[in-house]
Amino acid sequence: MTASVLRRWAALGLVMPVMVMAAPGSAEPLSFGYFFQVLISLVLVLALLFGTLLLMKRFSHGLPGRQSPLKMVGLLSLGTRERVVVVELGDRWLVLGVTAQSVQLLTEQPRPEGVPPQAESSPPFQQWLQRALNRNKEHHAPPSA
Numbered sequence: 362m363t364a365s366v367l368r369r370w371a372a373l374g375l376v377m378p379v380m381v382m383a384a385p386g387s388a389e390p391l392s393f394g395y396f397f398q399v400l401i402s403l404v405l406v407l408a409l410l411f412g413t414l415l416l417m418k419r420f421s422h423g424l425p426g427r428q429s430p431l432k433m434v435g436l437l438s439l440g441t442r443e444r445v446v447v448v449e450l451g452d453r454w455l456v457l458g459v460t461a462q463s464v465q466l467l468t469e470q471p472r473p474e475g476v477p478p479q480a481e482s483s484p485p486f487q488q489w490l491q492r493a494l495n496r497n498k499e500h501h502a503p504p505s506a
């Protein structure tokens with residue numbers, strides 16, 4: 362499309378609302394019917410969002426990566442953008458060098474004896490939220506008489 366065609370469409374887009382506002386018509390004040398229609402539309406949109414959320418939760422099987430065999434064991438920062446990361450993959454430990462441009466395998470070794478397998482790297486969000494809500498209730502509980 363050429364620039365002149367784009368300018369014409371832009372001008373039409375700017376002029377059209379003015380033409381619609383100037384057109385003679387019945388300017389009805391807002392009525393209960395209009396309010397009810399907007400309210401029903403809002404409820405339908407919220408119901409669709411809630412339904413989509415339920416479907417996503419059901420078919421995604423929780424958070425992605427929760428059942429992943431890959432877990433971070435440790436991290437050592439060597440600079441502003443350089444790190445050494447130890448990752449557990451099954452019964453192996455991978456030592457990775459991580460920079461802003463690359464990730465390199467430094468060494469791979471079996472999990473050391475006596476070290477239990479790494480638990481989940483972070484608790485599920487639901488548990489974290491429940492603990493936070495319980496703490497909030499404890500702080501804001503009314504004093505018992």
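Every number in the working numbering is 361 more than the matching position in the sequence shown, counting from 1.
Glycine is no exception: its CB is placed at the ideal position from the N, C-alpha and C atoms.
Predicted model only: the values in this text are computed from it and were never measured.
In the three-state scheme derived from DSSP, where H, G and I count as helix and E and B as strand, Thr413 is classed as helix. Each of Thr460, Ser429, Gly440 was checked against the Cα of Glu449, and the nearest Cα belongs to Ser429. Taking C-beta separations shorter than 8 Å and ignoring five residues to either side along the sequence, the partners of Pro471 in its chain run Asp452, Arg453, Trp454, following chain order.
Nearest to Val447 by C-alpha distance, out of Leu457, Phe486, Arg369, Ser438, is Leu457.
Apart from the 5 residues on each side of it in sequence, Val434 sits with its Cβ closer than 7 Å to the Cβ of Val447, Val448, Glu449, Trp454, Gln479 in its chain, given in chain order.
Within the same chain, Cβ atoms closer than 7 Å to the Cβ of Arg442 are found at Thr460, Ala461, the five residues on either side in sequence being excluded.
When secondary structure is reduced to three states using DSSP, Gly435 falls in the strand class.
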